[in-house]
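Going left to right, the sequence shown walks through residues 8 to 179 as the numbering used here numbers them. Cβ coordinates follow ideal geometry from the N, Cα and C atoms, glycine included. Please read all numbers here as calculations on a predicted model, not as lab measurements. In what follows, a single structure is set out as structure tokens and then discussed.
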Amino acid sequence: SLDRLERSGDALRQLDRLKAVLGPAAGSRASVWAETLLWEGEIARRALQMVRSRAAYQRLLQEFPDSTWRAQGQLGLGLVFFHHQSYDQALALAQDLLQRVPTSPLLPQARLLEGLSFLNLKRFQEAEQVFRRLLQAPLDPSLRAQTALYLGEALSGQERFDAAAEAYQQAI
Numbered sequence: 008s009l010d011r012l013e014r015s016g017d018a019l020r021q022l023d024r025l026k027a028v029l030g031p032a033a034g035s036r037a038s039v040w041a042e043t044l045l046w047e048g049e050i051a052r053r054a055l056q057m058v059r060s061r062a063a064y065q066r067l068l069q070e071f072p073d074s075t076w077r078a079q080g081q082l083g084l085g086l087v088f089f090h091h092q093s094y095d096q097a098l099a100l101a102q103d104l105l106q107r108v109p110t111s112p113l114l115p116q117a118r119l120l121e122g123l124s125f126l127n128l129k130r131f132q133e134a135e136q137v138f139r140r141l142l143q144a145p146l147d148p149s150l151r152a153q154t155a156l157y158l159g160e161a162l163s164g165q166e167r168f169d170a171a172a173e174a175y176q177q178a179i
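In structure tokens form, the structure reads like this:
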């Protein structure tokens with residue numbers, strides 16, 4: 008909505024002011040900088056300012072590789088690449104995150120990004136494996152339905168239409 012975009016613009020202007028006050032991104036303010044860059048990436052991505060979002064996430068990952076915000080920044084950057092249809096790059100970021108932080112609370116979102124990237128790369132069997140694995144985990148109902156729908160798409164891509172219909176039923 009227009010209101011949401013205006014609020015996003017206000018939030019990004021506030022972050023710009025904060026960055027000016029913080030000064031150089033080194034020393035004792037490094038953790039504040041890392042969090043500021045994460046929020047800049049998140050807000051810009053949700054406002055569809057993908058160039059700004061990508062720059063913020065990349066800066067976070069490059070300048071603060073040991074930050075507690077790294078996993079969220081990496082997932083966000085993967086979503087930006089996905090939005091730009093750079094599915095190979097989105098896939099690489101998701102898989103790196105899954106391997107590097109296998110116990111992250113971001114695991115379901117990273118796994119979903121991995122599966123969607125496979126799906127868009129027309130690697131349907133790999134997408135199916137990811138979605139089936141994700142459906143074995145405890146998920147909130149909307150994510151479960153979404154995953155079942157994407158599983159149906161992966162099965163349809165393999166021309167396994169009866170199995171796809173079952174997955175679509177599970178989504179309902």
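Cα-Cα, which of A62, D17, L128 is closest to G80? Counted from its first residue, the sequence shown places residue 80 at position 73. G80 has its Cα closest to that of A62, out of A62, D17, L128.
Measuring alpha carbon to alpha carbon, tell me which of P112, L55, T110 ends up nearest L84. Here residue 84 is taken as the residue at index 77 of the sequence shown, counted from 1. Closest in alpha carbon position to L84, among P112, L55, T110, is L55.
What first and last residue would you give for the alpha helix (DSSP H) that runs through R167? Here the question's residue 167 lines up with position 160 in the sequence shown. The continuous stretches of alpha helix (DSSP H) do not include R167, and DSSP gives it neither H nor E.
For A152 versus A178, is the C-beta distance shorter than 9 Å? Here residue 152 refers to the residue found at position 145 of the sequence shown. Here residue 178 refers to the residue found at position 171 of the sequence shown. Going by C-beta atoms, A152 is nearer than 9 Å to A178.
Would you mind stating whether P115 and L146 have Cβ atoms separated by less than 9 Å? Looking up residue 115 in the sequence shown gives position 108. Looking up residue 146 in the sequence shown gives position 139. Against a cut-off of 9 Å, the Cβ pair of L146 and P115 comes out as a contact.
Note down the Cα distance separating E173 from L126, rounded to an integer number of angstroms. The residue labelled residue 173 in the question sits at position 166 within the sequence shown. The residue labelled residue 126 in the question sits at position 119 within the sequence shown. If I take the Cα positions, the gap works out to 18 Å.
Spatial distance of P157 from A27 (CA atoms): Locating residue 157 in the sequence shown gives position 150, where the first residue counts as 1. Locating residue 27 in the sequence shown gives position 20, where the first residue counts as 1. The sequence given here has Tyr at residue 157, not Pro. The alpha-carbon of Y157 is positioned some 43 Å away from that of A27.
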